[in-house]
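Each residue of the sequence shown is one higher than the last, beginning at 506 in my numbering. For every residue, glycine included, the Cβ atom is placed at its ideal position computed from N, Cα and C. Every value quoted in this text rests on a predicted model; they were computed, and no experiment measured them. Beneath this line is the structure, given in structure tokens, with notes to follow.
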Amino acid sequence: MGHKLSKITLAMLSATSLSFATSTLAQEAQQEAEKDVEVIQVSGIRASLASALNEKRFTNNLVEVIEAEDIGKLPDQNLAEVLENITGIQITREAGVGTGVQIRGTDANRTEINGVSTVGSGAGRSGIDFEDVSAAIIAGLEVTKSPDAKTIEGSVGGTINLKTIRPLQLTERLTSIRVQGENSSLSTDSGFQPRLSATYGDNWENDHGKFGVVVSGSYSEQDVSAFRPRADRDNIIASDSGVASAQSFDFLPIQFFVQDYDNYEYETKNFVGTFEWQPNDNTKFFFDAIINDQERLQESSRVQASGVSALNDISVPDAFETINFGSLGGTDLGSMQAALRGVIPVNLDNDDDDPNLRLSTDTNSRITESQIFRLGGEWQGEKWFVSAEVASSSSDTTTPSFNTTLNFINPNAPLDAGGGNDNSVPFEYDLSGGSLAFGIASGAEYAPTVEQLLDPSNVVLRDVNIGRDTTENSEDAIRFDFSYYVDSMITSVDFGYRYNKSTSTRDDVNTSVGLRSMEDSPRGDLFSELLVAGPNNFNDADGRELYVRDFLIINPELVASDPDGVLASLQQAMEAHGSTATLNAPTSSSSGFFDIEEETHALYAQANFEYEMFRGNFGLRYLQTDVTSVGNSITVDGDGNELVSQVTNTGDYDFILPRLNIVADVADDVVLRFGAGKDIRRPNFDDLSTSVTFSTSPNPNVAIGNPGLEPEEVTSFDLAAEWYFAEASVVSVGIFHKTRKALHVDQIVSPFEDPVTGYRDLTAPCEGGGVFNPIADINVFGPELGTGICVGTETKINDAGETTQKGIEIAVQYDLSSFEKELGWASGFGVLANYTIQEFDGGDSENTATSRAANVFAASTGIDDIEVSAVQGLLNLSENAYNFTLYYEKFGLSARMRYTWREAYRSDDFGSTSSFPWGFPVVQEDRGQLNASINYDVNEDFNIGIEAVNITESEVEQSCINEGALLCFQGLTDRRVTLGANYRF
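Listed below in structure tokens is the structure:
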């Protein structure tokens, strides 16, 4: 017995087939596919899975498909987490929110909406940010892993196409409203944040033809938090050093502590409008408008135990642990003891201003407005199909930031004799049990009280960094596609032309001031209206007892809502104090400006074939691109004045990309697939720019663009077998192999650090390596206070070697619905599971240990002049990953539980600096996450549900040097619960 499919399923099924009859062969194939669909006897989860599987089965290339279970209801709230359901896909998260997607181990992918290229908020090539698009407006998505000649170039792993509802495919009027609320377990706001979405769609017919319209909108707020403690132990106390803290063995002392509280508040507005007009059976016109507004406010704080390294010679740990460094580049790095637990005291004879307590407010926010417009038409003749469309994608982003740092002036300790604006505070630490915990040593001499820590007169202003950078990205495109139908083994020939113009413009707008003396630093009582107590719930995630509970920061909420008012208050405080420094309003920086434009002409031709059990396509895609990059060159005249001149670099390239896909229906229920093809990956825009942006921190490398950077070349092979052993069920196994030439890799040059003092060069031109940063804080890297120091550089280059990515993808989908008579209620269960095994080989570019790390490795290996390096590899690639989903659907109840796990991988997401500690990317350790949802149909139109993300509050652990080596960073993420209801008219 057949049951009516949901409106959304019918619309999506129809949208995947041709709008009009093309030829007798095409009609027969479509009718056969529709017959297969008609036997689906369920709706909701099972219907969406069956429909997606049916679409995948009859494609002529390797495509993965996910469709909505109902209007505005994909499996997850976040699009990145939706994609995580697909075999071969892993995701990265920021504060627990899915933000990055890796397909077959690489971030180098493209994202489209309704086949139109999207542009992102930054200078990358992957398209729109996934957190900017609500899953509520997306009806389904597909990931093309093996492209045909029609597929737009630019992806290494795959092309993601997000699909919206097509109005002429609706069988009846569609109206739906969804109301939800989300709560974060770590947020200081205990309430629920709203998630609202609505969809209306209808079509009608009159004397002028058929008309259809769909309008979808969503509004959501999200409050997410993550606690991120960090401990640096990247120096050495040698057993023969003769210092007071020396032991009978070498050990790693404490260098730095950070208690990082990250909070992000999202406000996301999405709108999709589609209009279609079919004046006759042969012609159709369409218009799509997709508008996304994202406001992500950061209201974070950092507590830093700075200057602790100054006490290394006298601070003796109470306990140690053994760190096995593993091996890099074929060199066994041995092991060493490391400080595990102890107290870092105040010792005025050794240092009268260290260790010290610093308190930072971070508000690196982002405001993005994205728009996509698509206008086109189709005409169907007896032998011809013609389509044409123009499309425009744009993204305008402002990244307002107002970051401040206060120094706590301990009233129980004397001021720095040199007039510096920090003084000593004792700390204690306990890194045992995998917890990077530190706090103020309350029982130690000179320890401040809670009242003193919360007294505004005991803090002084140290740093203010204000930014209002802007980025404008756009792509305008026009394309013409033609199909000619042939009644032979070659069923049709497709050919077409596409032109696009892509631009990226960045304007670096900033100001900063660094105050290093009490003479220049106003005390907090001069700006007390800006101060609030920092969050005191840092133990909510793991129950730790040791952390900094009481401290003052500049109110991040006030900074976000009234940055100009906060700036004025700080200016007044500095003036009242009599500071000799000046805090100005942010202005455009000539050195950080770039404007890049690309024009691409692409032609393709493709033959589609079908002969006995074989079907598929083969063809070529040709592209030619011209690139123009504009930046500024800054020189200094004899009087010290900056001279700005505009510099223009031009380049061009062209490629021929052959592509082949063969499908063999070797049995009624067995499909074999083979795909082969070439593609390219263009450089990110900022990797081409010669403009430079400096940080006020001495830790991050300065990114320097490379206008000579060439596109990567990718050659891919796919082989897959699919066994459709039961209705809506499959077992599939696939292998893939990718060869990449001219891979984009980092060339990092670290500044030299004196092996005894740890000091760097403080003057240009940095003969020992790196580049002079005029605004970076000298901090512990020099003997004096101030700004201006040599820092590392990071430039993208083309790897001279060839690299390969290869892997195996295994997937299973099955449900028990066919055993209803035997199992009764238990026939509602079903499972989805997939496993991916992949690896990366080759490449010549290497990362090299920093000079400080080299000193440690010299001691651990006994090799005095050791040079430790390792091939860079591919960031964010897990060699093993799997998903397992158990679902139940029966009697109006729909429930799903999904566990996702990925193996350790290298990452550049280290703390707030994105730097490479020890000279190598950190290792993000193995991690699993459990999500679940339950929905119940109260009646035919009304549904209620609850969803939970990261149920077990699974934490992130990062190790320096190697997997399982030195724990240096944690990410304690929240659990998010969403309650809601949906009503359909």
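Taking 8 Å as the cut-off, the Cβ atoms of Leu558 and Val1235 count as close. Distances from the CA of Thr909 to each of Gly847, Ser897, Val1018 and Ser993 were compared; the closest alpha carbon is that of Val1018.
With contacts defined as CB atoms closer than 8 Å, Gly831 and Asn1467 qualify as a contacting pair. Ala1470 and Leu845 have their C-alpha atoms some 14 Å from each other.
Remark: C-beta atoms of Gly1121 and Asn1154 do not approach each other more closely than 8 Å.
8 Å or more divides the Cβ of Gly847 from the Cβ of Ser806.
The three-state secondary structure of Val1373, taken from DSSP, is coil. For Phe792, the uninterrupted beta strand (DSSP E) segment begins and ends at Thr788 to Gln803. A contact is defined here as three or more CB-CB pairs under 8 Å, and the segment 796-815 meets this definition with respect to the segment 853-860.
In this structure, the alpha-carbon of Glu1062 lies about 13 Å from that of Asp767.
By the neighbour-count definition (other C-beta atoms within 10 Å, threshold 16), His713 is an exposed residue. Where Gly645 is concerned, the enclosing beta strand (DSSP E) starts and stops at Gly645 to Thr649. Distance from the CA atom of Lys1395 to the CA atom of Asn1440, rounded to whole angstroms, is 11 Å. A distance of 8 Å or more separates the beta carbons of Glu770 and Ile872.
Rounded to the nearest angstrom, the gap between the Cα atoms of Thr1244 and Ile1185 is 11 Å. Beta-bridge pairing by DSSP links His713 to no other residue.
Taken through DSSP and simplified to helix, strand or coil, Asn1385 comes out as strand. DSSP, reduced to helix, strand and coil, places Met1402 within a strand of the structure shown. Annotated as proximal: Asp1349 and Asp1304, with beta-carbon spacing under 8 Å. Counting C-beta atoms within 10 angstroms of its own C-beta, Ser1138 has fewer than 16 neighbours from the protein chains shown and is therefore classed as exposed. Bridge partners of Lys1006 according to DSSP: Asp981 and Glu1104. When DSSP reads this structure, Leu1337 sits in a beta bridge with Gln1318 and Thr1390. One Cα belongs to Asn566, the other to Asn666, and the distance between them is close to 15 Å.
Looking only at Gly1291, Ser1374 and Gly577, the smallest Cα-Cα distance to Leu1020 is reached by Gly1291. Taking all protein chains in view, the Cβ of Asn1146 is surrounded by fewer than 16 other Cβ atoms within 10 Å, so the residue is classified as exposed. Excluding its 5 nearest sequence neighbours in each direction, Glu710 has C-beta neighbours in its own chain below 8 Å: Phe716, listed in chain order.
For Ser1459 against Gly1433, the beta-carbon gap comes to about 6 Å, under 8 Å, which counts as contact. Cβ contact annotation for Lys650 (same chain, cutoff 6 Å, sequence separation greater than five): Leu567 and Gly663, in chain order. In the same chain as Ser692, and ignoring 5 residues on each side of it, the C-beta atoms closer than 8 Å to its own belong to Asp728, Val729, Ser730, Asn768 and Asp1479, in chain order.
When DSSP reads this structure, Tyr766 sits in a beta bridge with Phe732 and Ser806. With a threshold of 16 other beta carbon atoms within 10 Å, Gln1077 falls short and is exposed. Linking Phe913 to Asp927 through their CA atoms gives a straight-line distance of about 7 Å. Within the segment 1416-1450, the runs of beta strand (DSSP E) at least 3 residues long that lie entirely inside it are, in chain order, 1427-1429 and 1432-1442. For the beta strand (DSSP E) assignment, the uninterrupted runs of no fewer than 3 residues enclosed by the segment 996-1084 are, from N- to C-terminal side, 1036-1038 and 1057-1059. Taking C-alpha positions only, Val587 is separated from Ala1453 by approximately 14 Å. Three or more beta-carbon pairs separated by less than 8 Å are not found between the segment 932-941 and the segment 1033-1042, which leaves the two stretches without contact.
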